[in-house]
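Going by our numbering, the first residue of the sequence shown is number 179, and it counts up by one from there.
We treat Cβ as the ideally placed atom computed from N, Cα and C, and that holds for glycine.
For reference, the structure is listed below as structure tokens.
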Amino acid sequence: MKKLLMIILFFTTLPAHAEEVQSVNYFPILTQEETEEIIKQYNANSCDELTEKYFNPENLHNLEKGKILDPELTSIIFKAMAYDTGLCVEQDLEKAVMFYEQSGVSGFPMIILTIRIALIYSNGPEIVKNDEKAEFYFKQTAIYYHDFEKHGQGQEIMHTIIKSNPAPKELTQAITWYQEATNKSYEERKELAQHLKTQGFQGTDNLWYELEEIERKKKFNTLTP
179 MKKLLMIILF
189 FTTLPAHAEE
199 VQSVNYFPIL
209 TQEETEEIIK
219 QYNANSCDEL
229 TEKYFNPENL
239 HNLEKGKILD
249 PELTSIIFKA
259 MAYDTGLCVE
269 QDLEKAVMFY
279 EQSGVSGFPM
289 IILTIRIALI
299 YSNGPEIVKN
309 DEKAEFYFKQ
319 TAIYYHDFEK
329 HGQGQEIMHT
339 IIKSNPAPKE
349 LTQAITWYQE
359 ATNKSYEERK
369 ELAQHLKTQG
379 FQGTDNLWYE
389 LEEIERKKKF
399 NTLTP
């Protein structure tokens with residue numbers, strides 16, 4: 179899991195290119211210098227060696243000698259990131275989103291996977307644009323974002339996700355939607371959480387259970403002498 183986290187964060191914390199500040203570009207292609215740095219980070223000597231290792235789960239398992247708990251998942255996410263950023267392959271957002279979804283949005287931090295999917299479906303090439311799926315993944319991102327925000331890490335994770343680009347209006351709307359949901363009554367929150375769960379959203383129990391647990395502890399502390 180640690181190795182998987184390193185892969186995800188290395189891609190998403192690369193400095194934004196200067197031209198990104200001038201215009202919105204959620205899909206910058208890695209520079210040669212950035213590509214060489216990634217190759218170096220993963221103890222490879224070339225793009226061929228890096229892709230041979232990470233594109234093949236069996237090779238990954240053998241080379242890492244069991245250090246990676248889920249080589250198949252790691253390989254899928256690596257391929258998604260590679261096609262997303264043009265790492266040692268030609269950038270292909272259609273393949274990228276296919277591998278992102280193939281991962282089952284597993285691994286950590288999941289919010290980075292869901293926002294990449296949402297951005298591709300909303301801002302990617304026409305061949306992959308899908309407003310319905312984009313809305314779903316923006317809302318899923320908002321659900322995950324809430325967990326970071328309550329720990330004071332909202333702005334930090336947002337910067338990691340979109341760098342110098344402005345937040346997509348769809349993401350801002352989704353975050354507002356979920357924030358408003360947390361202010362509803364307990365019964366309303368519980369009903370909404372269960373409804374969202376049936377639609378395939380993950381992490382929805384926090385919408386009602388966690389807040390209810392806080393209230394329960396408050397009552398307990400009040401009653402305890």
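If you check the CB distance, Glu348 and Glu313 come in under 8 Å. Excluding the 5 residues flanking it on each side, Lys231 has same chain C-beta neighbours closer than 7 Å at Ala222, Asn237, Leu238, Leu241, in chain order.
Per DSSP, reduced to three states, the secondary structure at Glu334 is helical. Relative to Lys362, the option among Trp386, Glu279, Gln377 whose CA is nearest is Trp386. The C-beta distance from Glu334 to Val306 rounds to 29 Å, too long to meet the 8 Å contact threshold. Under the three-state reduction of DSSP output, Leu247 falls in the coil class, being neither helix nor strand. Only exposed fits Asp226, as fewer than 16 other CB atoms lie within 10 angstroms of its CB.
Taking each of Ala260, Leu297, Phe256 in turn and checking the Cα distance to Pro235, the smallest one comes out for Phe256. The C-beta separation of Leu265 from Leu208 comes to about 6 Å, placing the pair in contact by the 8 Å criterion. Sorting Asp262, Phe326, Gln210 by C-alpha distance to the C-alpha of Ile295 places Asp262 at the top.
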